[in-house]
Each structure stands twice: as C-alpha cells, then as structure tokens.
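Since the structure comes first, as structure tokens, the remarks are kept for the end.
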C-alpha cells in the first residue's frame, strides 16, 4: 500500500475498503480541513461495502488480500498497480497450485480476481492499471488449457433445471409433510420467478398475494436494485403447478401458526418449524427461523441427487432452467430478462439464450442435408 494510507475491514470481515485517512484519532480530535476532504468514516465504508452482494464481497476481499500478500513478497506496489505488476500476477496465478484443489486457478477465477483489483483502484479514485499484458497472459493460458483438453478450459455452469428434471426432483418428495410442502414450493416458486436462492430466502409471507391468476410474488433483485412482481400462474401438471404447491405450503404454515414473517423456514427432523437456534445461550441465525440461501441451495442439490440426475446442480439451476425453458418456448429475451431481474445486456442471460438459439437458429436448419 502507498504511504499515507491505512485500511479497515467492514463488519463481516469479508471485504477491505481503503481510504486516505481513517478516523482512528481519539474522540474529540478535530481533523484538519485538508484531512477531512479525504476522510471516510468506518460507517460510510461499511455502507459502501453493503451495496455489494455478500458473496461477491467475500470473494473480492480474498482476492485483494491475496494480491496484496503477493505484492508484499515481490516488493511491488498494490495500488496503484503497474501494467507489469498485473501481468506478472496473472502469470503467477496460472502456475501456482491452490491449496484447496492442488491446481492453478481457472480462467473464470482469474477474471474475478482481476475485477477485484481493478475495482479496488476505482474505489480509491485511482486510474485502473493497464491490462493489455495481463490479458495476453490470460489468453495464452486459456489457449493452453483448451489444447490440453483441461476441464478448466470450459466455464463451469450450473445444470439447467428444466420442467422434466423438476418433475423428477419432486417425484420423491413427501408432500404430506411440512418439509415436503416447503421443498416443493421452494423449487417451483424458484423456477417460476427465476429467483436466486438469496432472493428466495429473503421472501416474506407479505410478499405473496393471492390473485385471480394465482399469486403475485414481489422479490427484491439486489443485483439490479429493483423489485419485480412476478405473476405465478397455474401449471398444466398438478405435480409441478407452482400455484397449487404454494397454496398447500401456505396452508400448512398457517396451520402451524405462521401467518407473517419469512416464507421459507427451517423445519426440524420432527417436521416442525425449528425453534430459534442458540449457541452458548445466545440466539444465532434468524430468530424467526428463516432459511439461509445456503440451505435453500442445499434443498435443490439434494433433490437432484436423490432423483439420480447427473450434472452440476446448485441453487442457480432453477434460474438457468427458467431462462432456457422460456426461450425454448419462444418467449422474448427482453420479457425473460424483466421477469428474472437480469440487467440489461446481461452476458450470462445471453449465454443461456445461446444454448437454445444455437439449435433453433442453426444455419443447418432447412438447407436440405
């Protein structure tokens, strides 16, 4: 780090925000005017950090910490980083095994690390480092992985949960139990709204409104910072109808005395809404029993495995499945993006569209082979 700066961590310990001057002076000490112009309080820094998804914040924090440690070892400046530093760092990442896997980072992980460092420069009002050399090193790495037929050459994507897979996932669910009703509603509502698991877990009962067409469900899409109200319609197959599944689950919650608070709750092994968790006499987790995003993702993964489905299943499988199925049914990409809360021009959504369009719109169609 450059002289005259200091750093502080945000409360969750994930990211690190740097400022020219941090208020570590004794209470009552006045800052000189020139100091005050460059001052950022810990509270403001925490508010800035909170604007980023917690998973991204943690990943960026780890990437920045690793970059700073490497720079210290190499005697290089962290911010502002030179073009040569960035190129050497990327080269380091392509040849250094990571402790968890024993293999160097894949291209997508390196891309994220580059974003972590370049955004760090932006946060500190410094020009982004020139990335031409770093990009050249990364491109050569991608070429080498492709020639070696390495798994890391292809970006890892969650397997799409399409209606056929969802039917298989739910076939073994005991819908006579509260846990089974919750899991069915979670999977079907997650698919119908193209929700991220964090968005599903954040839903409250108040966000679900019964209507003539079924339900309206309002989700906050943090990545685009807006709410979407999704119309949940009746399905043609009662087994995968999101309206019927949601209605059954809401009735079960009401029967258990829950008419407000979180929509998706923890259920214990006795099929009861879990009481607040404690550790050392202190309540941990959500006191109302709200599921975490990780727990919601685990439900999806567990159901896929139990159904004998192969692939890379995750909480994102429902979101990808919605986009793929909707495009295959001929729906407009703009409407799909609006329904799922994708940002305009989303490259991820475009990739999902390509999965369908490369077959539907193939130049081989209709040429007489």
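Residue numbers (the working numbering): -12 to 356. Virtual Cβ for every residue (Gly too), placed ideally from N, Cα, C. Model, not experiment: these values are computed from the prediction.
Quiz item: Do the segment 143 to 154 and the segment 297 to 314 touch if we need at least three Cβ pairs shorter than 8 Å?
Solution: yes
Self-check item: Continuous beta strand (DSSP E) stretch holding residue 205: start and end
Solution: Residue 205: member of the beta strand (DSSP E) spanning 201 to 208, first to last residue.
Practice problem: Could you tell me the boundaries of the alpha helix (DSSP H) in which residue 434 lies? | Solution: Any property of residue 434 remains undetermined from this structure, which presents the chain solely from -12 to 356.
Practice problem: Kindly list the residues whose CB is nearer than 8 Å to the CB of residue 105, restricted to its own chain and excluding five residues on each side of it in sequence; keep chain order. | Solution: 115, 116 and 118
Quiz item: Can you name, in chain order, every residue of its own chain whose Cβ lies under 7 Å from the Cβ of residue 306, other than the five neighbours on each side?
Solution: 181, 182, 183 and 327
Self-check item: Any 3 or more C-beta pairs closer than 8 Å across the segment 191 to 201 and the segment 243 to 253
Solution: yes
Practice problem: Look up residue 110 in the DSSP assignment and give the residues it is bridged to. | Solution: Within the DSSP bridge table, the entry for residue 110 names no partner.
Practice problem: Name the two residues that bound the continuous alpha helix (DSSP H) containing residue 322. | Solution: 320 to 327
Self-check item: Exposure label - residue -7; buried when at least 16 CB within 10 Å
Solution: Model confidence at residue -7 stands at a pLDDT of 36, short of 50, so the residue's coordinates are unreliable; what they give is reported in the following sentence. Flag for residue -7 reads exposed.
Quiz item: From this set, 157, 163 and 33, which residue's C-alpha is nearest residue 176's C-alpha?
Solution: 157
Practice problem: Please state if the CB of residue 111 and the CB of residue 66 are separated by a distance shorter than 9 Å. | Solution: yes
Quiz item: Closest by CA to residue 73, which one among 45, 125 and 44?
Solution: 125
Exercise. Give every residue of the same chain whose Cβ lies closer than 6 Å to the Cβ of residue 320, excluding the five residues on either side of it in the sequence, and list them in chain order.
Key: 340
Quiz item: So the alpha helix (DSSP H) residue 254 belongs to, where does it begin and stop?
Solution: Residue 254 -> no alpha helix (DSSP H), and no H or E assigned at all.
Quiz prompt | residue 198, DSSP secondary structure in three states | solution = Here residue 198 sits in strand by DSSP.
Quiz item: residue 55 to residue 102, Cα distance in whole Å?
Solution: 14 Å
Quiz item: When you compare each of 292, 335 and 346 to residue 317 by their alpha carbons, which one comes out closest?
Solution: Ranked by Cα distance from residue 317, the options 292, 335 and 346 are led by 346.
Quiz item: Using the C-alpha atoms, what's the distance from residue 189 back to residue 343?
Solution: 31 Å
Quiz item: Tell me which same chain residues have a C-beta within less than 8 Å of the C-beta of residue 214, skipping the five on either side of it?
Solution: Counting only Cβ-Cβ distances below 8 Å, and skipping sequence neighbours, we find 205, 206, 207 and 208.
Practice problem: Report the three-state DSSP secondary structure of residue 224 (helix, strand or coil). | Solution: coil
Self-check item: Proximity winner among 229, 253 and 179, relative to residue 274 (alpha-carbon distances)
Solution: Of the listed residues, the one whose Cα sits closest to residue 274 is 253.
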